[in-house]
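Chains A and B, in that order, are what the protein sequence lines are. Mapping of the first sequence onto numbering that gives the first Met the number 0: residues 0 to 307, in sequence order. Mapping of the second sequence onto numbering that gives the first Met the number 0: residues 0 to 307, in sequence order. C-beta: ideal position from N, C-alpha, C; glycine also. All values derive from a computational prediction rather than experimental measurement. Here the structure is laid out as structure tokens; the discussion comes afterwards.
There are 2 protein chains.
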Amino acid sequence: MNEIKIFSPATVANVSCGYDVLGFCLDTKGDEMVVRKTKEKGVTITKIVGADLPFETEKNVAGVAALAILEAAKADFGVEIEIYKNIKPGSGVGSSSASASGAVFAINEILGKTFDKQQLTLFGMKGEAVASGVEHADNVAPGLFGGFTLVKSVDPLKIVELPTPSELYATVIHPQIEIKTSEARGILPVKIELSSAIKQWANVGSFISGLYTNDYDLIADSLHDYIVEPHRSQLIPHFKEIRIASLNAGALGCGISGSGPSIFSLSKGSDIANKVANAMKEVYSKTDIKFDIYVTKINTDGVRIINK
Amino acid sequence: MNEIKIFSPATVANVSCGYDVLGFCLDTKGDEMVVRKTKEKGVTITKIVGADLPFETEKNVAGVAALAILEAAKADFGVEIEIYKNIKPGSGVGSSSASASGAVFAINEILGKTFDKQQLTLFGMKGEAVASGVEHADNVAPGLFGGFTLVKSVDPLKIVELPTPSELYATVIHPQIEIKTSEARGILPVKIELSSAIKQWANVGSFISGLYTNDYDLIADSLHDYIVEPHRSQLIPHFKEIRIASLNAGALGCGISGSGPSIFSLSKGSDIANKVANAMKEVYSKTDIKFDIYVTKINTDGVRIINK
Numbered sequence: 000m001n002e003i004k005i006f007s008p009a010t011v012a013n014v015s016c017g018y019d020v021l022g023f024c025l026d027t028k029g030d031e032m033v034v035r036k037t038k039e040k041g042v043t044i045t046k047i048v049g050a051d052l053p054f055e056t057e058k059n060v061a062g063v064a065a066l067a068i069l070e071a072a073k074a075d076f077g078v079e080i081e082i083y084k085n086i087k088p089g090s091g092v093g094s095s096s097a098s099a100s101g102a103v104f105a106i107n108e109i110l111g112k113t114f115d116k117q118q119l120t121l122f123g124m125k126g127e128a129v130a131s132g133v134e135h136a137d138n139v140a141p142g143l144f145g146g147f148t149l150v151k152s153v154d155p156l157k158i159v160e161l162p163t164p165s166e167l168y169a170t171v172i173h174p175q176i177e178i179k180t181s182e183a184r185g186i187l188p189v190k191i192e193l194s195s196a197i198k199q200w201a202n203v204g205s206f207i208s209g210l211y212t213n214d215y216d217l218i219a220d221s222l223h224d225y226i227v228e229p230h231r232s233q234l235i236p237h238f239k240e241i242r243i244a245s246l247n248a249g250a251l252g253c254g255i256s257g258s259g260p261s262i263f264s265l266s267k268g269s270d271i272a273n274k275v276a277n278a279m280k281e282v283y284s285k286t287d288i289k290f291d292i293y294v295t296k297i298n299t300d301g302v303r304i305i306n307k
Numbered sequence: 000m001n002e003i004k005i006f007s008p009a010t011v012a013n014v015s016c017g018y019d020v021l022g023f024c025l026d027t028k029g030d031e032m033v034v035r036k037t038k039e040k041g042v043t044i045t046k047i048v049g050a051d052l053p054f055e056t057e058k059n060v061a062g063v064a065a066l067a068i069l070e071a072a073k074a075d076f077g078v079e080i081e082i083y084k085n086i087k088p089g090s091g092v093g094s095s096s097a098s099a100s101g102a103v104f105a106i107n108e109i110l111g112k113t114f115d116k117q118q119l120t121l122f123g124m125k126g127e128a129v130a131s132g133v134e135h136a137d138n139v140a141p142g143l144f145g146g147f148t149l150v151k152s153v154d155p156l157k158i159v160e161l162p163t164p165s166e167l168y169a170t171v172i173h174p175q176i177e178i179k180t181s182e183a184r185g186i187l188p189v190k191i192e193l194s195s196a197i198k199q200w201a202n203v204g205s206f207i208s209g210l211y212t213n214d215y216d217l218i219a220d221s222l223h224d225y226i227v228e229p230h231r232s233q234l235i236p237h238f239k240e241i242r243i244a245s246l247n248a249g250a251l252g253c254g255i256s257g258s259g260p261s262i263f264s265l266s267k268g269s270d271i272a273n274k275v276a277n278a279m280k281e282v283y284s285k286t287d288i289k290f291d292i293y294v295t296k297i298n299t300d301g302v303r304i305i306n307k
């Protein structure tokens, strides 16, 4: 194979109760990338459509991730990468990680599937670090594995694949304001109350139990965030109204996607997810804030091949 | 039914990663209780064998739990209770909760199973509060439900039943030293590092995933405690050696049972659990500390009827 075109999905990290560990994969929102084998070694970013991102390989998330996998494979070839961004950088649904995941997935296909998804996640994290300064996996993992994932540990990397109840749908609204990941991280306290942490880990446990047992009520009851949301929600205008409107429209839960500003809701069935979208829309429609909104099922495959 | 004899098992709370939320039920260790219907209302403790506990109903854990369920049922009768303690009070394997769980289970049988286990847990917690000052459910719930349980929340009470991989065995060693629950609670910090809390909730998530998928490696990898053990282990002599000896003998994990001083290990299969017992024994045999040790499968039923 000399050329492959792939779809690299947006992802939601944290999922209310699981800061830094939980994530899930979206289906309709994502980037497209073309990766082409070249005789010359190295990585060249030849095209970027839809976002203003650096072409220099070492500064580009996809470029760095690509270099990591090619080096690990001791590849005797290089690649050219075209990136068609549909995920806005800084929107909070894993834009940089989609570039990283897409690049490593595509190159692994060209290599003949040398690496497993756990290893691909490691390469993707190298790219992710270019954007956020930290090698984290909470977007890369759901992007590559699909469905819900748990980052059990980063060093050594251990990703746990979780089941996805078939009727779960996500509604995501992206208010077009800028929050830097560094700012969103900086607003968090270094120390937290033990009593709040206990509530949080109880919810991580019950949420995961709910995924295994298709218990939508338990999932709903677990989608709370006692740790991060009280701080970060201050950075997102009208967050509380959006949350209340979502829940009133029937959402199982609603929270900040990653470090924001996107807000996600999870619902049982597409009908409710669409009602939730209308309710969310209504809140921002009354303001000057521009927004993008979409409803999607959970993508259980992760990055996928468009053609090769 | 006028009289029932039941077995009320010992339980292990916290389970390393799940402070205040996780627990499991032991099979061979437990109290026996006889509960007899009386015409007169009220609760009388008529016999206590094996421990020095108060006979006054209002000061007795079983007594208070019994009053709670009788009152809720608006029962037109009372009960006499005989308690045969095999679980040493203060040993850290839910001695008080066994008395409470046993009493409410037995009375519910006499009532014709009026209440479900969730409701019984609430009554049991009233008794538990007599011993510890706090209504907590992390021993009462596994005692009544059996297997592994998650206390998702206390108010409102929400217990999640978790699956029990069939090859799991527990080894429990009880060094006969005294640690008061209040002391064990007092040694804990009010605030904890967010970074440690993240590792802890990742482990709660992966542990529960391991229970659902019978993944013993994942269970082993999740049985760590970054929050409580570093503090409480100071109260238990030779804790670290016991832990290392257990793991070297093949245990999946080893930690403090409840607030201690008992130490539990989980193993895959009874052979390993017995080897772990020998390894644990060896540590305390070299000291002056008296100890009690037992190997047991996980009890998936909870409190059970001996005869009625």
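Please state whether DSSP places residue i in a helix, a strand or coil.
i	result
D291 (chain B)	strand
L52 (chain B)	coil
D30 (chain A)	strand
L149 (chain B)	strand
F104 (chain A)	helix
S90 (chain B)	coil
F263 (chain A)	strand
V133 (chain B)	coil
G252 (chain A)	strand
K179 (chain B)	coil
T37 (chain B)	strand
A169 (chain B)	strand
L217 (chain A)	helix
N296 (chain A)	Here the sequence assigns Lys to residue 296 (chain A), which means Asn is not the residue at that position. Correct three-state label for K296 (chain A): strand.
Y225 (chain B)	coil
S232 (chain A)	helix
According to DSSP, residue i sits in a beta bridge with which residue or residues?
i	result
P174 (chain A)	A:F290
R242 (chain B)	DSSP, once it has assigned bridges, lists no residue as partnering R242 (chain B).
T43 (chain B)	B:E79
N306 (chain A)	A:K4
G22 (chain A)	A:A12, A:T148
K190 (chain B)	A:E192
V159 (chain B)	B:L149
K58 (chain B)	Paired residue(s): none; K58 (chain B) is not in a bridge.
I207 (chain A)	Partner(s): none; I207 (chain A) has no beta bridge.
Could you round the C-beta distance between residue i and residue j to whole angstroms and report it? I think they count as a contact, below 8 Å.
i	j	result
R201 (chain A)	L149 (chain B)	One point to set straight first is that residue 201 (chain A) is Ala, not Arg, in the sequence displayed. That belief holds up - the Cβ atoms of A201 (chain A) and L149 (chain B) are roughly 7 Å apart, short of 8 Å.
A61 (chain A)	S98 (chain A)	4 Å
F6 (chain A)	I305 (chain A)	6 Å
A169 (chain B)	A12 (chain B)	With a Cβ gap of about 13 Å, A169 (chain B) and A12 (chain B) do not count as contacting.
H173 (chain A)	S15 (chain A)	Not quite, the Cβ-Cβ distance comes to about 17 Å (not below 8 Å), so this is no contact.
L156 (chain B)	K116 (chain B)	With a Cβ gap of about 11 Å, L156 (chain B) and K116 (chain B) do not count as contacting.
T286 (chain B)	H237 (chain B)	7 Å
V153 (chain B)	E127 (chain B)	About 11 Å separates the two Cβ atoms, so there is no contact after all.
N85 (chain A)	G29 (chain A)	6 Å
K307 (chain A)	E2 (chain A)	7 Å
Within a Cβ cutoff of 8 Å, which residues of the same chain sit near residue i, ignoring the five residues on either side of it in sequence?
i	result
L210 (chain B)	F147, L161, P162, T163, P164, I218
M32 (chain A)	K4, I5, S7, A61, I80, E81, I82, Y83, S98, G101, A102, A105
G38 (chain A)	Before going further, note that residue 38 (chain A) is Lys rather than Gly in the sequence given. Closer than 8 Å at the Cβ level, and outside the excluded window around K38 (chain A), lie F76, G77.
Leaving aside the five residues before and after residue i along the sequence, list all residues of the same chain whose C-beta is less than 6 Å from its C-beta, in chain order.
i	result
I241 (chain A)	I262, M279, V282
F76 (chain A)	K36
S100 (chain A)	S7, G123, V139, G142, L143, V302
K40 (chain A)	G77
D291 (chain B)	H173
V48 (chain B)	Y83
S90 (chain B)	H173, S261
P229 (chain A)	none
Is residue j closer than 8 Å to residue i when the C-beta atoms are compared?
i	j	result
G312 (chain B)	V275 (chain B)	Look at the range of chain B in this structure, 0 to 307, and you will see that residue 312 (chain B) is not part of it.
S195 (chain B)	I226 (chain B)	yes
T295 (chain A)	T45 (chain A)	no
N59 (chain B)	S96 (chain B)	no
F122 (chain B)	A64 (chain B)	yes
P8 (chain A)	G301 (chain A)	yes
G204 (chain A)	G22 (chain B)	no
V20 (chain B)	I197 (chain A)	yes
S232 (chain A)	S245 (chain A)	no
Near residue i, which residues of its chain fall below 7 Å by C-beta distance, leaving aside the five closest residues on each side in sequence?
i	result
T113 (chain A)	A72, N107
Q199 (chain B)	C16, Y225, I226
Y293 (chain A)	T27, K28, V171
**Asked** Which residues, in chain order, does the segment 176-204 of chain B contribute to contact with chain C at a C-beta distance below 9 Å?
**Response** Looking at the structure shown, chain C is missing, and the protein chains on hand are A and B.
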